[in-house]
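Below: one structure, written as structure tokens.
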Amino acid sequence: TLKPKQYYYKTPKNLRLSKVILLDPMLATGGSSSQAINNLKKRGSKECMFACIVASPEGLYKIKKDHPDVKIFGAALDRGLNEWGYIVPGLGDAGDRTFGTL
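Take the position in the sequence shown, starting the count at 1, then add 64; the result is the number in this note's numbering.
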């Protein structure tokens, strides 16, 4: 569906005095990351940064549009997304790679 679905969310109740770094291996459409940043801001985060390994231009645009105050750090910028919302050329499924389920 390319729409984020939250399965679990636990942070300290008040993040007002904390610097927060949101980590995600891949920034594809930006939908999940943008929603996660919304959640952090609702908990009071005033200084949030986002870090990823691989990003797409579309994902970067979404985060900058929704959260212009968030600094983004990434190791690589790929050329874009395919029709299913996967980063191209990308690195495959980060979860499968992490947990050896390829």
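Cβ atoms here follow ideal geometry from the backbone N, Cα and C, with glycine treated the same way.
Check, Outcome
"Burial state of A140, where buried means 16 or more other Cβ atoms lie within 10 Å", "exposed"
"Supposed close pair I136, S98 - CB separation, criterion 8 Å", "With 8 Å as the limit, I136 and S98 do not qualify as a contact, their Cβ atoms being about 12 Å apart."
"L86: first and last residue of the uninterrupted beta strand (DSSP E) it sits in", "K83 to L87"
"Proximity winner among P89, G144, K105 and R161, relative to G138 (alpha-carbon distances)", "P89"
"Helix, strand or coil at L166 [DSSP, three-state]", "coil"
"Closest residue to N78 among I101, P68, G95 and K105 (Cα-Cα distance)", "K105"
"Within 7 Å, strictly: CB atoms of S120 and L86", "no"
"Three-state secondary structure (DSSP) of L141", "strand"
"Backbone secondary structure at E122 - three-state DSSP", "helix"
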